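In short: position in the sequence shown from 1, add 39, done, that's our numbering.
All C-beta atoms in this analysis are idealised placements derived from N, C-alpha and C, irrespective of residue type, glycine included.
Please read these numbers as outputs of a predicted model, since none were measured by experiment.
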Amino acid sequence: MNSPISTHRVHAPGADAETAHPLHEFAMAFTSSPRGARLARRLVSHRLDTWGHPYGGRVNDTLTLITAELAANAVRHGHVAGRDFHVRLTHGTDTVRVEVTDTRTERTPVLTDTEPPGDAESGRGLLIVAGLATRWAVAPRDGAPGKTVWAELRLP
């Protein structure tokens with residue numbers, strides 16, 4: 040079941056004071072399924088719209104796509120039966136950050152800029168994230184098994 044959650048802040052390398060004290064914050068747990076990933080993407084887009092980044096605008100479109108990629112990866116590669124994945128969206132004065140946390144510890148994304156072979160059906164999601172985000176990284180989940188993949192977008 041999808042439900043609002045209280046999430047711990049990720050103490051990720053590169054996290055700054057702005058995301059520690061955001062102007063706006065949204066956090067929710069989603070079922071680890073394609074439906075949960077789709078709902079996460081739609082709710083992030085809606086939340087950004089209510090925070091002043093309208094549908095179809097650069098910030099909304101970019102962060103919605105980043106969320107879609109990270110949520111799809113959490114479902115496909117981070118799925119543990121019976122466990123949800125979590126999304127946290129924070130809006131600071133200069134940056135918007137999205138974090139997607141799953142409970143799979145042993146499957147950590149490889150940080151690479153190498154494209155998969157031309158006929159590969161997957162493997163481009165994090166390249167898309169790297170191309171769109173101002174910065175991104177992977178950090179161990181705080182206080183529980185798993186990992187958090189986060190991405191930030193500097194606001195104009």
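- Query: For aspartate 133, which of helix, strand or coil comes out of DSSP?
  - Reply: If DSSP states are grouped into helix, strand and coil, aspartate 133 belongs with coil.
- Query: Quick check: the segment 111-120 against the segment 86-102, are there 3 or more CB pairs under 8 Å?
  - Reply: The segment 111-120, when compared against the segment 86-102, does not touch it at the 8 Å Cβ threshold.
- Message: If you reduce the DSSP assignment to three classes, tell me which class valine 177 lands in.
- Response: In this structure, valine 177 counts as strand in the three-state DSSP scheme.
- Query: For glutamate 145, does the three-state DSSP call read helix, strand or coil?
  - Reply: In the structure shown, the three-state DSSP call for glutamate 145 is coil.
- Span separating the alpha-carbon of valine 83 from that of valine 168: Taking the straight line joining both Cα atoms gives about 16 Å.
- Check glycine 89 in the structure and name its three-state DSSP category. It is threonine, not glycine, that sits at residue 89 in the sequence shown. Residue state, collapsed to three classes: helix.
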